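Reading through the C-alpha coordinates given below for one structure.
In this note's numbering, the protein residues as written are -14 to 83.
Now the structure itself:
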(Lines of atoms letter the chains of each structure in order from A and count residues from 1; the text may use other names and numbers.)
(Lines give C-alpha, C1' and ligand atoms only; values in the text may rest on other atoms or scores of the structure.)
Protein backbone atom coordinates (compact mmCIF):
# COMPACT_ATOMS: atom_id res chain seq x y z
CA UNK A 1 0.00 0.00 0.00
CA UNK A 2 1.31 3.46 -0.92
CA UNK A 3 0.29 7.05 -0.26
CA UNK A 4 1.92 10.27 -1.48
CA UNK A 5 1.61 13.63 0.26
CA UNK A 6 3.32 16.98 0.58
CA UNK A 7 3.64 19.22 3.64
CA UNK A 8 2.69 22.81 2.93
CA UNK A 9 5.29 25.56 2.99
CA UNK A 10 3.02 27.45 5.41
CA UNK A 11 2.77 24.66 7.99
CA UNK A 12 2.90 26.33 11.44
CA UNK A 13 5.75 24.09 12.65
CA UNK A 14 8.15 25.63 10.13
CA UNK A 15 8.11 29.09 11.68
CA UNK A 16 10.81 28.26 14.22
CA UNK A 17 12.18 25.03 12.88
CA UNK A 18 15.39 26.42 11.53
CA UNK A 19 14.71 29.92 10.18
CA UNK A 20 16.30 30.49 6.81
CA UNK A 21 16.60 26.77 6.12
CA UNK A 22 13.36 25.11 7.26
CA UNK A 23 12.96 21.35 7.56
CA UNK A 24 9.87 19.40 8.50
CA UNK A 25 9.98 18.22 12.13
CA UNK A 26 9.95 14.45 12.56
CA UNK A 27 6.73 14.56 14.58
CA UNK A 28 4.96 16.25 11.64
CA UNK A 29 6.22 13.60 9.20
CA UNK A 30 5.09 10.88 11.62
CA UNK A 31 1.66 12.51 11.95
CA UNK A 32 1.30 12.64 8.15
CA UNK A 33 2.25 8.96 7.94
CA UNK A 34 -0.41 8.05 10.53
CA UNK A 35 -3.06 10.09 8.68
CA UNK A 36 -2.15 8.37 5.41
CA UNK A 37 -2.32 4.91 6.98
CA UNK A 38 -5.69 5.59 8.63
CA UNK A 39 -7.06 7.00 5.37
CA UNK A 40 -6.14 3.78 3.58
CA UNK A 41 -7.32 1.40 6.35
CA UNK A 42 -10.59 3.16 7.17
CA UNK A 43 -12.20 5.10 10.02
CA UNK A 44 -12.03 2.25 12.54
CA UNK A 45 -8.25 1.90 12.34
CA UNK A 46 -6.57 2.48 15.70
CA UNK A 47 -2.80 2.79 16.07
CA UNK A 48 -1.82 0.74 19.13
CA UNK A 49 1.85 1.68 19.27
CA UNK A 50 4.86 2.71 17.24
CA UNK A 51 7.74 0.68 18.70
CA UNK A 52 10.32 2.02 16.26
CA UNK A 53 10.86 4.93 13.93
CA UNK A 54 14.08 6.31 12.50
CA UNK A 55 14.53 9.50 10.51
CA UNK A 56 17.38 9.08 8.04
CA UNK A 57 17.36 12.36 6.11
CA UNK A 58 15.70 15.77 6.51
CA UNK A 59 12.53 16.59 4.59
CA UNK A 60 12.27 20.07 3.10
CA UNK A 61 8.91 21.86 2.91
CA UNK A 62 7.00 21.40 -0.35
CA UNK A 63 8.81 18.17 -1.28
CA UNK A 64 6.61 15.13 -1.93
CA UNK A 65 6.95 12.16 0.38
CA UNK A 66 5.69 8.69 -0.48
CA UNK A 67 4.72 6.40 2.37
CA UNK A 68 4.97 2.69 1.65
CA UNK A 69 3.24 0.27 4.02
CA UNK A 70 4.09 -3.43 4.25
CA UNK A 71 1.27 -5.00 6.27
CA UNK A 72 1.48 -8.38 7.99
CA UNK A 73 -1.52 -9.05 10.26
CA UNK A 74 -1.53 -6.19 12.80
CA UNK A 75 2.13 -5.22 12.26
CA UNK A 76 3.10 -2.67 9.64
CA UNK A 77 6.56 -1.77 8.44
CA UNK A 78 6.58 1.67 6.87
CA UNK A 79 9.02 3.64 4.77
CA UNK A 80 8.94 7.31 3.81
CA UNK A 81 10.65 8.06 0.51
CA UNK A 82 11.57 11.15 -1.46
CA UNK A 83 12.35 9.90 -4.91
CA UNK A 84 14.69 6.95 -4.43
CA UNK A 85 15.92 8.04 -1.00
CA UNK A 86 14.53 6.63 2.23
CA UNK A 87 13.98 9.43 4.71
CA UNK A 88 12.24 7.41 7.43
CA UNK A 89 11.75 3.79 8.46
CA UNK A 90 9.66 2.29 11.20
CA UNK A 91 7.09 -0.13 12.48
CA UNK A 92 3.63 0.28 13.96
CA UNK A 93 0.97 -1.97 15.40
CA UNK A 94 -2.71 -1.35 14.79
CA UNK A 95 -6.17 -2.81 15.23
CA UNK A 96 -9.55 -2.33 13.62
CA UNK A 97 -12.23 -1.37 16.13
CA UNK A 98 -15.68 -2.93 15.69
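In this text, a Cβ means the ideal position worked out from N, Cα and C, and glycines have one as well.
Computed from a predicted structure; not experimentally measured.
Assigned exposure category for residue i - 16 Cβ within 10 Å defines buried
i	result
residue -1	buried
residue -14	exposed
residue 12	exposed
Closest residue to residue i among the options (Cα-Cα distance)
i	options	result
residue 6	47, 51 and 55	47
residue 21	69, 53 and 71	53
Inter-residue spacing [alpha-carbon to alpha-carbon] between residue i and residue j
i	j	result
residue 56	residue -8	24 Å
residue 29	residue -5	30 Å
residue -3	residue 64	24 Å
CB of residue i within 8 Å of CB of residue j, strictly
i	j	result
residue 45	residue -11	no
residue 84	residue 31	The requested residue 84 is not part of the displayed model; the chain covers only -14 to 83.
What runs of the beta strand (DSSP E), each 3 residues or longer, lie entirely inside the stretch 57 to 83? Counting whole runs of 3 or more residues, the stretch 57 to 83 contains the beta strand (DSSP E) stretches 60 to 67 and 70 to 81.
At 4 residues or longer, and completely inside the stretch -8 to 40: list those alpha helix (DSSP H) runs for me, N to C. Those alpha helix (DSSP H) runs which fall completely within the stretch -8 to 40 and span 4+ residues are 11 to 26.
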